[in-house]
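Protein chains in written order, with the numbering used here: chain A, -8 to 324; chain C, 133 to 476.
Cβ coordinates follow ideal geometry from the N, Cα and C atoms, glycine included.
Keep in mind the model is a prediction, meaning the values are calculated, not measured.
Remarks on the structure that follows.
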């Protein structure tokens, strides 16, 4: 099988980075953990010490941020190839706001407060918004150009967020839950949330990997893909469905975390080239690395409290969006 | 058709457009007056017109004077000036960049001001004056950053919008963070402010906005004639003898000042800056300066939305929620239309 240049090197390096991230996420924070405590916390459940229990507390958080990052990374890669658009990311397409609106409605009207119920609402919201935004963005002759998609996403976000604030303003209990959710953080993770998340992650990843090589054909254009025997309509639906499930589930549990999908895929594409059979799995790894690093550095920067991962990723990701916008040939009007 | 005939046809058309412009403006002023009186009269107790007039003249009437002069009048003044500022500034951006989507809301300038103002409200607990100054500075910095980043090899509005959205993403992350670290008791105030509200307006706090609007709006109105030349495009404007860069700079500066100061006073009232220009254009048609009508439309929008927000529902909604709910569908409609025409 053909392997992109440097593939093994990149794979090894990113796996090493992933391990370092995991260790850092377990060891760093407002209380530093030394090596012995780390080992005790991980492998010797019978040892009771303060440091060890700190490590045990950090395990679900670490696992969750890895899963979430992977989901967002793959979701970004899928959305970019389905829309054939380099700046597609769940947050830019307004999908996060759609999820947010449904979650707020759930809290306000249905008295929902558990993650397993959030998740369905968020996925439905994300899906409807994605369809809507893509529908608006792809109208007209030139199809879904980056500018049109981004504008459709921004406009939809603006529309939905005024609905969100209309619902929230008269209900202070919703506001109290919502403001902690909306900043985007992996800090509140527990094993229950991870178990709820897992099936969505698995389904999303399986669908993504299955559609990878067909998406490669799609990248050459609809005509070429059809000529190669790809049923483009079904492929688009399946891939977009996987992307939405992944980001919707991640958003439901962690809140809207922006730009991970954008960052993860662009770094990988820059190094490995456009072959999605490699880009998709590697985006999962790099997404996990990016989100975990963001979480850890947020903990360190914001110490003794913490700066939420969603804030950190926005600050790394938005400049990338700006750079892409500057480089891109945008039709002026 | 001979020459004199042609001239008279042109003159006739011009006269007609002028008449339409005058009529539209007059109607907008009348509507604004009606809305203003409604704002002074309506409330938990409804006062008749003569009582309102008398207390405005300085007579002290039991109960009426306090309600009208201390509570409802500042609210009205805040709405008037904020509407004027958002309407004029939004129209300037849209005309100059020749794209209705290029307005302070979408470009993130209001978000820049919001971050600074929220920081002052939630973290520093500063005075109103400091909030105004900080948000003006932040708005200017945001505007400068957006223009610098989108300059590139050749200026393009599309790139400007993309860069604006990128910067806005960062700013809204900051807003979320500020909302989270803020003390619980400050949050409702902050959120109410964030959605744009005329509640709790007080005369002394409104002074910076009033002064700024009184200074900046005339500049834009005077330069408004050039604005319609700028709309023809950079090259045509230069060849018509316009000092484009100076005009642009003055227009942008005064617009950003107005947006930022109005944001600091009332919060970012959603979509007024975006809606006013296109609505005014529809009303007056092409050919005449759109600045004054846009400002008047802005005033009417804010006042009407505030009245709806106060009295139409069981819960009192701040004005920005109403303008947001009205404006968002229009934004989507505009996008759909631009996409259909392929002008994007």
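Would you kindly check if the distance between the Cβ of residue j and the Cβ of residue i is under 7 angstroms?
i	j	result
residue 64 of chain A	residue 285 of chain A	no
residue 211 of chain A	residue 72 of chain A	no
residue 203 of chain A	residue 59 of chain A	no
residue 121 of chain A	residue 235 of chain A	yes
residue 260 of chain C	residue 337 of chain C	yes
residue 304 of chain A	residue 251 of chain A	yes
residue 241 of chain C	residue 391 of chain C	yes
residue 282 of chain A	residue 56 of chain A	yes
residue 254 of chain C	residue 310 of chain C	yes
residue 52 of chain A	residue 149 of chain A	no
residue 245 of chain C	residue 270 of chain C	yes
residue 408 of chain C	residue 211 of chain C	no
residue 141 of chain C	residue 172 of chain C	no
residue 73 of chain C	residue 274 of chain C	With chain C represented from 133 up to 476, any question about residue 73 of chain C goes unanswered, as that position is not in the structure.
residue 455 of chain C	residue 412 of chain C	no
residue 155 of chain A	residue 95 of chain A	yes
residue 447 of chain C	residue 161 of chain A	yes
residue 8 of chain A	residue 259 of chain A	no
residue 67 of chain A	residue 147 of chain A	no
Chain C partners of residue i, CB-CB under 7 angstroms?
i	result
residue 171 of chain A	312
residue 130 of chain A	468, 471 and 472
residue 145 of chain A	238 and 297
residue 316 of chain A	291, 294, 295 and 298
residue 174 of chain A	308, 309 and 312
Tell me the residue span of the alpha helix (DSSP H) that contains residue i.
i	result
residue 143 of chain C	135 to 173
residue 53 of chain A	41 to 73
residue 27 of chain A	26 to 34
residue 447 of chain C	Residue 447 of chain C -> no alpha helix (DSSP H), and no H or E assigned at all.
residue 148 of chain A	137 to 160
residue 295 of chain A	Here residue 295 of chain A belongs to no alpha helix (DSSP H), and DSSP marks it neither H nor E.
residue 261 of chain A	251 to 263
residue 0 of chain A	-2 to 18
residue 187 of chain A	182 to 209
residue 178 of chain C	Here residue 178 of chain C belongs to no alpha helix (DSSP H), and DSSP marks it neither H nor E.
residue 242 of chain A	223 to 245
residue 199 of chain C	No alpha helix (DSSP H) contains residue 199 of chain C, which DSSP labels as neither H nor E.
residue 170 of chain A	163 to 172
residue 86 of chain A	86 to 100
residue 213 of chain A	213 to 218
Give me the chain A residues within the contact set of residue i, using Cβ-Cβ distance strictly less than 8 angstroms, ordered along the chain.
i	result
residue 447 of chain C	160 and 161
residue 210 of chain C	What residue 210 of chain C touches in chain A: nothing, since even the nearest Cβ is about 19 angstroms away.
residue 151 of chain C	Simply none; closest approach about 32 angstroms.
residue 402 of chain C	149 and 153
residue 327 of chain C	153, 156 and 160
residue 453 of chain C	153, 156, 157 and 160
Determine the chain C residues that contact residue i at a beta-carbon separation under 9 angstroms, and present them in chain order.
i	result
residue 301 of chain A	305, 308 and 309
residue 14 of chain A	In chain order: nothing, as chain C lies at least about 27 angstroms away.
residue 263 of chain A	Per Cβ cutoff of 9 angstroms: no residues; residue 263 of chain A is ~25 angstroms from chain C at best.
Give me the chain A residues within the contact set of residue i, using Cβ-Cβ distance strictly less than 7 angstroms, ordered along the chain.
i	result
residue 302 of chain C	305, 306 and 309
residue 281 of chain C	313 and 317
residue 477 of chain C	Look at the range of chain C in this structure, 133 to 476, and you will see that residue 477 of chain C is not part of it.
residue 233 of chain C	142
Residues of chain A with CB closer than 9 angstroms to the CB of residue i, please, in chain order.
i	result
residue 456 of chain C	149, 150, 152, 153, 154, 156 and 157
residue 198 of chain C	Residues of chain A passing the Cβ test: none, with the nearest at roughly 27 angstroms.
Name the chain C residues whose beta carbon is nearer than 8 angstroms to that of residue i?
i	result
residue 166 of chain A	319, 320 and 323
residue 127 of chain A	464, 467, 468 and 471
residue 249 of chain A	301 and 305
Item checked: Those runs of the alpha helix (DSSP H) which lie wholly inside the stretch 205 to 268 of chain C and span at least 4 residues -> Correct list: 205 to 228, 236 to 239 and 241 to 250.
Check: In chain order, which alpha helix (DSSP H) runs of at least 4 residues are fully inside the stretch 279 to 336 of chain C?
Finding: Counting only runs of at least 4 residues, the stretch 279 to 336 of chain C fully encloses the following alpha helix (DSSP H) elements, listed from N- to C-terminal order: 289 to 313 and 319 to 326.
Next item on the list: Only counting runs of 3 or more residues, tell me where the beta strand (DSSP E) segments fall wholly within the stretch 398 to 427 of chain C, in order along the chain.
Entry: DSSP runs (the beta strand (DSSP E)) wholly in the stretch 398 to 427 of chain C: none.
Next item on the list: Decide yes or no for the touch test of the stretch 142 to 150 of chain C against the stretch 412 to 424 of chain C: beta carbon pairs closer than 8 angstroms, at least 3 of them.
Entry: With the rule of 3 Cβ pairs closer than 8 angstroms, the stretch 142 to 150 of chain C counts as touching the stretch 412 to 424 of chain C.
Next item on the list: Specify whether the stretch 31 to 47 of chain A and the stretch 163 to 181 of chain A touch according to this definition: at least 3 beta carbon pairs, one from each stretch, less than 8 angstroms apart.
Entry: In short, these stretches do not touch, since the Cβ pair count stays below three.
Check: Should the stretch 428 to 435 of chain C be called in touch with the stretch 378 to 397 of chain C, which here means at least 3 C-beta pairs below 8 angstroms?
Finding: Result no; under three Cβ-Cβ pairs closer than 8 angstroms.
Check: Is the stretch 128 to 142 of chain A touching the stretch 254 to 268 of chain A, taking contact as three or more C-beta pairs under 8 angstroms?
Finding: Between the stretch 128 to 142 of chain A and the stretch 254 to 268 of chain A, the count of C-beta pairs closer than 8 angstroms stays below three; the two stretches do not touch.
Check: Does the stretch 390 to 406 of chain C come within contact of the stretch 163 to 182 of chain C, defined as at least 3 CB pairs closer than 8 angstroms?
Finding: When Cβ pairs closer than 8 angstroms are counted between the two stretches, the stretch 390 to 406 of chain C is seen not to touch the stretch 163 to 182 of chain C, the count staying below three.
Next item on the list: Check whether the stretch 297 to 311 of chain A touches the stretch 228 to 243 of chain A, taking contact to mean three or more Cβ pairs, one atom from each stretch, closer than 8 angstroms.
Entry: Counting Cβ pairs under 8 angstroms, fewer than three are found: no touch.
Check: Contact between the stretch 66 to 84 of chain A and the stretch 110 to 128 of chain A: three or more CB pairs below 8 angstroms?
Finding: The stretch 66 to 84 of chain A and the stretch 110 to 128 of chain A touch, with no fewer than 3 CB-CB distances between them shorter than 8 angstroms.
Notebook entry, point to check: Is there contact here, the stretch 465 to 473 of chain C with the stretch 332 to 350 of chain C, by at least three beta-carbon pairs under 8 angstroms?
Noted result: When C-beta atoms of the stretch 465 to 473 of chain C are compared with those of the stretch 332 to 350 of chain C, fewer than three pairs fall below 8 angstroms, so the two segments do not count as touching.
Item checked: alpha helix (DSSP H) runs contained entirely in the stretch 338 to 394 of chain C, provided each spans 4 or more residues -> With a minimum length of 4 residues, the continuous alpha helix (DSSP H) runs that stay inside the stretch 338 to 394 of chain C are 366 to 371.
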